[in-house]
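> In full-length UniProt numbering, the protein residues as written are 1 to 108.
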Amino acid sequence: MMKIDLLAIGQRIQNQRLSLGYTQQYVYEKLDISQNHYSRIENGHAGMSFEILLQLSEILEISTDYILMGTPAPTDNIELLNSYKLLNQKQKKYIDDHIKLFVNSNLK
């Protein structure tokens, strides 16, 4: 059975909040929860309801999968693919060659 890592969840929430330039106050007021409860979520000392999880996902513009498991949203991959499609053939070959280089290297 998989263990829920509240500390990692809180860290992902905090990192995304900061990357968007939001304060804790902005987020906990949008969620309509206390400052203490929100702080405990970010610090990994408290879980959250499904409702709060969904609201956080919307406010912070990230998927629930990313919040809970750290996996990027499929939309992240779609955006990357759409950007790739805009490249010309020479640029695509350059990217492809570098991807192959990284995959075949010992860099992990």
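Even glycine gets a Cβ: it sits at the ideal position worked out from N, Cα and C.
Every value quoted in this text rests on a predicted model; they were computed, and no experiment measured them.
To the nearest angstrom, report how far apart methionine 48 and lysine 90 are at their CA atoms.
If you number the sequence shown from 1, residue 48 lands on position 48. If you number the sequence shown from 1, residue 90 lands on position 90. Using only the alpha carbons, I get a separation of about 48 Å.
> Which ranges does the alpha helix (DSSP H) cover as unbroken runs of at least 4 residues, wholly within the region 59 to 98, from first to last along the chain?
With a minimum length of 4 residues, the continuous alpha helix (DSSP H) runs that stay inside the region 59 to 98 are 64 to 69 and 74 to 85.
> What's the call for glutamate 42, buried or exposed, on a 16-neighbour Cβ count within 10 Å?
In the sequence shown, residue 42 corresponds to position 42, counting from 1. With 16 or more Cβ atoms within 10 Å of its Cβ, glutamate 42 is classed as buried.
> What are the boundary residues of the alpha helix (DSSP H) that includes alanine 8?
Here residue 8 refers to the residue found at position 8 when the sequence shown is read from its first residue. Where alanine 8 is concerned, the enclosing alpha helix (DSSP H) stretches over 6 to 20.
> Considering histidine 37, what are the terminal residues of the alpha helix (DSSP H) in which it resides?
Within the sequence shown, residue 37 is the residue found at index 37, counting from 1. Unbroken alpha helix (DSSP H) run through histidine 37: 35 to 42.
> Tell me whether the region 90 to 100 and the region 49 to 60 touch, counting them as touching only if at least three CB pairs, one residue from each stretch, are closer than 8 Å.
Too few Cβ pairs lie closer than 8 Å, so no.
> Do the CB positions of arginine 17 and valine 27 come within less than 8 Å of each other?
Here the question's residue 17 lines up with position 17 in the sequence shown. Here the question's residue 27 lines up with position 27 in the sequence shown. Taking 8 Å as the Cβ cut-off, arginine 17 and valine 27 qualify as a contacting pair.
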